[in-house]
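K.L.:
Can you read through this structure? Questions will come right after.
Residue numbers (the working numbering): 44 to 155.
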C-alpha cells in the first residue's frame with residue numbers, strides 16, 4: 044500500500060496555512076518553502092509559485108497571519124528556495140570525518 048505524500052502533506056498543511064496558498068495553477072512551477080511557525084515548528088514543503096514573483100506565497104502568508112488569533116497558525120518567518128540544495132542538511136560535513144575516524148580505528152583494531 045502506498046501513501047500519496049503530496050495529498051497527505053496538503054491535508055495537514057490546510058489546517059495551519061491560509062487557503063489562498065493552495066489555489067494552484069495547472070503547470071505552475073513548484074518552489075520549496077521553509078515556514079517557521081510562532082510555536083517554533085518548522086514546515087518545509089513545496090508550493091506552486093509565480094516564477095516572476097516567487098515570494099508572493101510568503102507575502103500571502105505574512106498578510107494572513109495578521110487575521111488569526113490562534114498562535115499555532117501564526118507564521119514567524121517564511122522563505123522560498125529557488126536553487127538546488129538550499130534545503131540540504133550539513134550532515135555530510137560531519138559524516139566524512141567520522142567515517143574516516145571509524146576506518147582508522149578499524150584498521151588499528153584489526154592490525155593487533
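Just so it is clear, CB atoms sit at the ideal spot from N, CA and C, and this is done for glycine as well.
Predicted model only: the values in this text are computed from it and were never measured.
Can you tell me whether residue 101 is buried or exposed? The criterion is at least 16 other CB atoms within 10 Å of its CB, across all chains shown.
P.N.:
buried
K.L.:
So residue 120 and residue 97 are in contact, right, with Cβ under 8 Å, and what is the actual spacing, rounded?
P.N.:
Their Cβ separation, rounded to whole angstroms, is 16 Å, which puts residue 120 and residue 97 out of contact at 8 Å.
K.L.:
Cβ atoms of residue 115 and residue 82: under 7 Å apart, would you say?
P.N.:
Against a cut-off of 7 Å, the Cβ pair of residue 115 and residue 82 comes out as a contact.
K.L.:
Given this structure, state the Cα-to-Cα distance separating residue 139 from residue 146, to the nearest angstrom.
P.N.:
11 Å
K.L.:
Quick one: give me the first and last residue of the alpha helix (DSSP H) that residue 58 is part of.
P.N.:
First-last for residue 58: undefined, no H or E at that position.
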